[in-house]
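For the sequence shown, numbering that gives the first Met the number 0 begins at 0 and goes up steadily by one.
By construction, the Cβ of each residue, glycine as well, lies at the ideal position given by its N, Cα and C atoms.
Quick notes on the structure that follows.
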Amino acid sequence: MGEINGSSLCLLVFFFTASYLCQANRYPDYTKHPCARRCVVGERPRTCEYDFIQEYYFVLTKACYDCPFNATDCYRPHCVSGNGVRRAIMTVNRMLPGPAIHVCHNDTIVVNAKNRMEGEEGTAIHWHGIFHHDSQIMDGVSMLTQCPIPAYTSFQYRFKAENTGTHFWHSHAGSQRANGVFGSLVVHQPDSTNPHAALYQHDLPEHTIVVHDWLKTLAMNKFEGHYLAGYSDEPHSMLINGYFESVHLTRDTGDSSIRALMNQCQCVFCLQLGESTSLEEVKALDAAGGISRKLSGAVAKDTVTVPDGGYTVIRFVADNPGFGFLHCHVKFHLSLGMGLIIQVGKPHEMPKPPNNWPKCGDWKYPREDKNNEREGKGNGGEGKATGKDGGEKKSDVETEKQKKSPLTNEAHGVAITKALTSIVFLVTLMIL
Ligand SMILES: [Cu+2]
0 MGEINGSSLC LLVFFFTASY LCQANRYPDY TKHPCARRCV VGERPRTCEY DFIQEYYFVL
60 TKACYDCPFN ATDCYRPHCV SGNGVRRAIM TVNRMLPGPA IHVCHNDTIV VNAKNRMEGE
120 EGTAIHWHGI FHHDSQIMDG VSMLTQCPIP AYTSFQYRFK AENTGTHFWH SHAGSQRANG
180 VFGSLVVHQP DSTNPHAALY QHDLPEHTIV VHDWLKTLAM NKFEGHYLAG YSDEPHSMLI
240 NGYFESVHLT RDTGDSSIRA LMNQCQCVFC LQLGESTSLE EVKALDAAGG ISRKLSGAVA
300 KDTVTVPDGG YTVIRFVADN PGFGFLHCHV KFHLSLGMGL IIQVGKPHEM PKPPNNWPKC
360 GDWKYPREDK NNEREGKGNG GEGKATGKDG GEKKSDVETE KQKKSPLTNE AHGVAITKAL
420 TSIVFLVTLM IL
């Protein structure tokens, strides 16, 4: 993930688990969701449903009463206090971070994502860290695995919590994540199967901490300002669970302990070579035996940090047919082209979407309608004579392709563009 240098477009989320957290009970209580339970071996998996209402919102609304002057008011329902600077934001259920999802391994997560952003951009929710075997179409990557969810429509995500761990969810459309659309997603397991169980005295949903960067303006202001007017790309604040304050943690005092799960931003094999590193240099270094590998017991990650001017070697098993988006999690860098689509398997090997799966993409008049126009059968009988030129045939071919492919035409365009521009990506990806 590693979004420490960017503006709020760059989101840095660390999850810690701690047995003591000041005022832990003050957050809206998704920790009391029926699925946020102690996991037991042999228990029947549950279906865990959540409603996500995504809308424009604001820091320090009337719901905050006298916040920040009366600190207690800052913890009222629907009060988002941020860093104390009033600004428009985007939220899910008027919370920052959004609802925390805590489930047990193999539960089914159902999220009814409702886009209530007033006639503006579409959205999609990505479940960062979830493998999505056989549910790859639920990965929530806008214009890759699904069309954006238009305003005032909804989309139901449904997938199995197949891999345990401390993950998070976030919007994968535009700059919405930086504007507040994210939250934690923890897949728990019984103590007896948890290799880290001995590290905890208490492993409770209310001890999840989300640390994230924050802006005092809409992310677009920062983002466009950076590229077009030389603004800094640094974030203005760091927030902890959406609040601008310190959180007190204690270490090993009595029955308290800090158990940090920093499953992001740790380098396993990183070597910084200089101001820049070419692929050829990395290959030459590897050929000379200069890159060691840990092929057993390596830390499993969904995000790694690439040192500035250096490289990172990653390895993964391509056992999940579908289209995956490998990209820099720093929005500024992604926009420069640091992203590519990885296709695993052939289209016929990929999970098929339901029949009524929403489609998106370009549209133009189909040929039969144009023929009707030419023959005077269309509106007014004055359709322009387009003839049977190659352009029309191409259009038909494209339409057929679009029917067959799980990707839209536009998504293919994005794929090609990203693949080409990824040449500047300083990550050396080596599938060993
Ligand atoms: Cu992500």
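For residue i, which of the options has the nearest alpha-carbon?
i: residue 353; options: 69, 41, 133, 74; result: 133
i: residue 50; options: 109, 328, 105, 223; result: 109
i: residue 84; options: 97, 74, 57, 356; result: 57
i: residue 43; options: 104, 301, 81, 338; result: 104
i: residue 28; options: 339, 37, 74; result: 74
i: residue 358; options: 171, 154, 48, 106; result: 154
i: residue 185; options: 366, 178, 205; result: 205
i: residue 331; options: 68, 158, 226; result: 226
i: residue 241; options: 179, 194, 281, 231; result: 179
i: residue 302; options: 96, 221, 128, 119; result: 128
i: residue 31; options: 284, 101, 233; result: 101
i: residue 144; options: 346, 363, 289; result: 346
i: residue 194; options: 277, 296, 72, 334; result: 296
i: residue 119; options: 79, 152, 221, 126; result: 152
i: residue 150; options: 211, 160, 53, 39; result: 53
i: residue 80; options: 281, 238, 37, 336; result: 238
i: residue 349; options: 177, 41, 135, 210; result: 135
i: residue 219; options: 334, 77, 97, 33; result: 334
i: residue 236; options: 210, 222, 223; result: 210
i: residue 317; options: 46, 344, 148, 158; result: 344
i: residue 177; options: 328, 365, 304; result: 328
i: residue 161; options: 126, 280, 298; result: 126
i: residue 48; options: 41, 33, 37; result: 33
Should residue i go down as buried or exposed, given a rule of 16 or more other Cβ atoms within 10 Å for buried?
i: residue 191; result: exposed
i: residue 188; result: buried
i: residue 312; result: buried
i: residue 286; result: exposed
i: residue 396; result: Reliability of the predicted coordinates at residue 396 is poor, the pLDDT of 43 falling under 50, and the value obtained from them is presented with this limitation in mind. Under this definition residue 396 is an exposed residue.
i: residue 294; result: exposed
i: residue 156; result: buried
i: residue 261; result: Residue confidence is low: residue 261 scores 34 on pLDDT, short of 50, so the model does not pin down where it sits. Its coordinate-derived value is still stated next. By the 10 Å Cβ count, residue 261 comes out exposed.
i: residue 275; result: exposed
i: residue 253; result: Model confidence at residue 253 stands at a pLDDT of 38, short of 50, so the residue's coordinates are unreliable; what they give is reported in the following sentence. With fewer than 16 Cβ atoms within 10 Å of its Cβ, residue 253 is classed as exposed.
i: residue 99; result: buried
i: residue 355; result: exposed
i: residue 165; result: buried
i: residue 361; result: exposed
i: residue 97; result: buried
i: residue 39; result: exposed
i: residue 197; result: exposed
i: residue 444; result: The structure shown has nothing for residue 444, since the chain only spans 0 to 431.
i: residue 35; result: buried
i: residue 298; result: exposed
i: residue 292; result: exposed
i: residue 46; result: exposed
i: residue 93; result: buried
i: residue 365; result: exposed
i: residue 159; result: buried
i: residue 147; result: buried
Compute every distance between the C-beta of residue i and the non-hydrogen atoms of ligand 1, then say whether any falls below 7 angstroms.
i: residue 125; result: yes
i: residue 328; result: yes
i: residue 32; result: no
i: residue 132; result: no
i: residue 442; result: Because the chain is modelled from 0 through 431, residue 442 falls outside the range shown and cannot be assessed.
Quick one: measure Cβ to Cβ for residue i and residue j, integer angstroms, because I've assumed they're closer than 8 angstroms.
i: residue 207; j: residue 183; result: 5 angstroms
i: residue 175; j: residue 107; result: Actually they are not in contact, since the Cβ atoms of residue 175 and residue 107 sit about 25 angstroms apart, beyond 8 angstroms.
i: residue 319; j: residue 130; result: 6 angstroms
i: residue 82; j: residue 243; result: 4 angstroms
Can you confirm whether the stretch 79-93 touches the stretch 200-211 when touching is taken to mean that 3 or more C-beta pairs between the two stretches lie within less than 8 angstroms?
no
Does the stretch 60-72 come close enough to the stretch 207-220 that 3 or more CB-CB pairs lie under 8 angstroms?
no
Does the structure place the stretch 97-115 close enough to the stretch 319-335 that three or more beta carbon pairs sit under 8 angstroms?
no
Would you call the stretch 164-177 and the stretch 133-144 touching, i.e. three or more CB-CB distances under 8 angstroms?
yes
Does the stretch 338-346 come within contact of the stretch 300-312, defined as at least 3 CB pairs closer than 8 angstroms?
no
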